[in-house]
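Each residue of the sequence shown is one higher than the last, beginning at 76 in this note's numbering.
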Amino acid sequence: MSKYGLIKSLFFLLLPLCLSCLGPQNGLYPPSQSAPAKIVYVVNQGWHTGIVFQRSDIDTAIWQALKNDTSGFQYLEVGWGDADFYQAENTTIWMGAKALFWPTSSVLHVAGFDWPVEQYFRGYDIFEIRLSEEGFRNLCTFMNQAYARDKQGEIIPLGEGLYGQNSRFYQATGKYFMTKTCNNWAATALRKAGCPITPFYACTARNLRHQLGKFGRRIGNEF
Numbered sequence: 076m077s078k079y080g081l082i083k084s085l086f087f088l089l090l091p092l093c094l095s096c097l098g099p100q101n102g103l104y105p106p107s108q109s110a111p112a113k114i115v116y117v118v119n120q121g122w123h124t125g126i127v128f129q130r131s132d133i134d135t136a137i138w139q140a141l142k143n144d145t146s147g148f149q150y151l152e153v154g155w156g157d158a159d160f161y162q163a164e165n166t167t168i169w170m171g172a173k174a175l176f177w178p179t180s181s182v183l184h185v186a187g188f189d190w191p192v193e194q195y196f197r198g199y200d201i202f203e204i205r206l207s208e209e210g211f212r213n214l215c216t217f218m219n220q221a222y223a224r225d226k227q228g229e230i231i232p233l234g235e236g237l238y239g240q241n242s243r244f245y246q247a248t249g250k251y252f253m254t255k256t257c258n259n260w261a262a263t264a265l266r267k268a269g270c271p272i273t274p275f276y277a278c279t280a281r282n283l284r285h286q287l288g289k290f291g292r293r294i295g296n297e298f
């Protein structure tokens, strides 16, 4: 078999596995009509995607890394991305190329705010997602595990975040690459919560928005 034929065969072999992830996970999603749902928001800012939580919904016994971080705010936004590009005040083409074509270190960006989500992120795509209690706990567990830790098991703060004193960067787990972007990361987080989303097809913001539109409620503006 030629190299092209082998690649083609592998593609069609793996395609059903990817497609099988499109449906919701039974018992996690959708949330029961008879039980209270937890609401999160997915915010797409063009080149970056983050997930917003209501701070009072979070159990720090599950999301232990959060501790008292942003405890005085109503909302919490979390994003993941390439360590150099995400933290840079002035980005370059080289930074972007390196982030896409070489596996690079990653960071978490955690920010607190009090304004309504649609006002704080005015002009961006925002999707409201309703989760079951168990799905929300799974999502919080995923977030807790996204922090890198030192030899003593402590999280590793890296300094002030993009929004000033109400935000902070932390060293994160996982490598950033063209097949694992902030969009894939957000989709993976939602998949852990049971949502009918396929991280494999969420490399770009456009693909992620397309999937979110099938089960989320759009409350933000289109680009």
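Even for Gly, the Cβ is constructed at its ideal location relative to N, Cα and C.
For clarity, every value in this text was computed on a predicted model and none was experimentally measured.
- With respect to the 8 Å criterion, Tyr-161 and Val-127 are not classified as neighbours on the basis of their beta carbons.
- As computed with DSSP, Glu-152 is found in a beta bridge with Val-127 and Ala-186.
- In the three-state reduction of the DSSP assignment, Lys-289 falls in the helix class.
- Between Ile-294 and Leu-206, the alpha-carbon positions lie close to 17 Å from each other.
- Ranked by Cα distance from Lys-113, the first of Thr-279, Ala-268 and Ile-272 is Ala-268.
- Looking from the CA of Gly-154, the closest CA among Ser-146, Asn-143, Ala-136 and Leu-265 belongs to Leu-265.
- The Cβ atoms of Asn-258 and Ala-280 sit closer than 8 Å to each other.
- Between the beta-carbon of Tyr-222 and that of Ala-247 there is about 6 Å, and that keeps the pair under the 8 Å contact cut.
- With respect to Thr-256, Pro-274 sits apart: the two C-beta atoms are not nearer than 8 Å.
- By the C-beta density criterion, His-285 is exposed, having fewer than 16 other C-beta atoms within 10 angstroms.
- The beta carbons of Gly-236 and Arg-243 sit closer together than 8 Å.
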